[in-house]
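Last residue of the sequence shown? That's 268 in UniProt numbering, and every number before it is there in order.
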Amino acid sequence: MSPSNLTDPTDRKPPTITSYQDLSIIESWDSKTNTPKYVTFYHVTSDEVVYFSQSFKNKREITFAEFTSALKLIEDEEIYPEVPKDIELTIAADHWDDISAWIKKPGLIAYEELKGTDYVPKEVLNETLIMEQVSKAHHPNIVGYHGCRVRRGRITSIVLERLDQNLTQYESTPDFQQLDKARFLAALESAVDHLHSLGLAHNDINPGNIMVKDGLPVLIDFGSCQPYEARLQSLGTSGWYEDEFFTSEKKHDTYAVGKLREWFEERS
Numbered sequence: 001m002s003p004s005n006l007t008d009p010t011d012r013k014p015p016t017i018t019s020y021q022d023l024s025i026i027e028s029w030d031s032k033t034n035t036p037k038y039v040t041f042y043h044v045t046s047d048e049v050v051y052f053s054q055s056f057k058n059k060r061e062i063t064f065a066e067f068t069s070a071l072k073l074i075e076d077e078e079i080y081p082e083v084p085k086d087i088e089l090t091i092a093a094d095h096w097d098d099i100s101a102w103i104k105k106p107g108l109i110a111y112e113e114l115k116g117t118d119y120v121p122k123e124v125l126n127e128t129l130i131m132e133q134v135s136k137a138h139h140p141n142i143v144g145y146h147g148c149r150v151r152r153g154r155i156t157s158i159v160l161e162r163l164d165q166n167l168t169q170y171e172s173t174p175d176f177q178q179l180d181k182a183r184f185l186a187a188l189e190s191a192v193d194h195l196h197s198l199g200l201a202h203n204d205i206n207p208g209n210i211m212v213k214d215g216l217p218v219l220i221d222f223g224s225c226q227p228y229e230a231r232l233q234s235l236g237t238s239g240w241y242e243d244e245f246f247t248s249e250k251k252h253d254t255y256a257v258g259k260l261r262e263w264f265e266e267r268s
């Protein structure tokens, strides 16, 4: 690891925010009342220090000055896991950026609810370790892994193959009707069988977690992927599992692939 990864946290200065483009702004919506619930917003510095806040005002009512003045530092240990001492990680090359790759950072939408727990850093560590394992037995229909980024002795993000459209988005394009659905499903089943041969279940297969590349699927989002019978932190996607579950099981993937087959048939 390079010396830059050992930056003293006490040297951190307030971030310089010059435009809305410097912020990630996410409005949480209440589907029952069809009204906004709250706005989550944060800024990540070039050294992956995170400043975060949340407001219950309507997004359009928050001024730029209010956005920037509300930001508060999130301490590293609240969102970034320490690098395991007994595992050799793949460190992503510095040339990967948000254009050439997908830089997956900790999920912060529910951070206020999870503050004070180890949920977020545990999610980052779990997915990193799964991608390390899966990448050592590469499959063409599983997202490519370029490694993880480490700052200050902690994993701050994982760097993945960048792809353009997931299956939900692809459905709305003219190319969807020309898709060879039998070939597509066979390739997806091959990827799932490969995971199962490693003793892993994905546990969250749905159109939003399947990208389309050259007419074939690429399975993404391994945040819920764990060895069989391992306890899970997060449930799958509503509508894509048979019953609520809390452990990793092969049958969750089998059900979801069957559901996807029905999904295709409904759109034929």
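Heads up, the beta-carbon is just placed ideally off N, CA and C, and yes, glycines get one too.
These numbers come from a predicted model, not from an experiment.
- Secondary-structure assignment with DSSP links C148 through a beta bridge to I91, I158.
- DSSP lists P36 as the bridge partner or partners of W29.
- Residue environment: W240 is assigned as buried (16 or more neighbouring CB atoms within 10 Å of its CB, all protein chains considered).
- Rounded to the nearest angstrom, the gap between the Cα atoms of E61 and V39 is 11 Å.
- When DSSP states are grouped into helix, strand and coil, P81 belongs to the coil group.
- The beta carbons of I26 and I109 sit closer together than 9 Å.
- For F52, no alpha helix (DSSP H) segment is defined; the enclosing uninterrupted segment is the beta strand (DSSP E) at 50-55.
- For the pair of segments examined, the segment 186-201 was found not to touch the segment 76-96: the number of CB pairs separated by less than 8 Å stays below three.
- The way I'd put it, the segment 175-193 doesn't touch the segment 126-136; fewer than three beta-carbon pairs between them come closer than 8 Å.
- Counted as a single uninterrupted DSSP element, the alpha helix (DSSP H) harbouring W263 occupies residues 250-266.
- Shown here, N206 sits in coil according to DSSP, grouped into three states, outside any helix or strand.
- Cβ neighbours of K181 within its own chain (closer than 6 Å, five residues either side excluded): F264.
- A Cβ-Cβ separation of about 7 Å places N209 in contact with L219 under the 8 Å criterion.
- Per DSSP, I130 lies in no beta strand (DSSP E) segment; the continuous alpha helix (DSSP H) that holds it begins and ends at 119-135.
- Taking a cut-off of 8 Å for Cβ pairs, the segment 170-181 and the segment 223-235 do not touch, as fewer than three such pairs fall below it.
- Put simply, of P81, G116, S100 the residue whose alpha carbon is nearest the alpha carbon of R151 is P81.
- With three or more CB-CB distances shorter than 8 Å, the segment 100-120 counts as touching the segment 158-168.
- By alpha-carbon distance to T247, the top candidate from T117, Y228, R149 is Y228.
- In this structure, D98 is the residue among G144, D98, L200 with its C-alpha nearest to the C-alpha of S46.
- DSSP places Q233 in the coil class of the three-state scheme, outside both helix and strand.
- For K181, the enclosing alpha helix (DSSP H) stretches over residues 181-197.
- In the DSSP assignment, the residues bridged to A101 are E161.
- Contact check for D204 against S234 passes: the beta carbons are separated by less than 9 Å.
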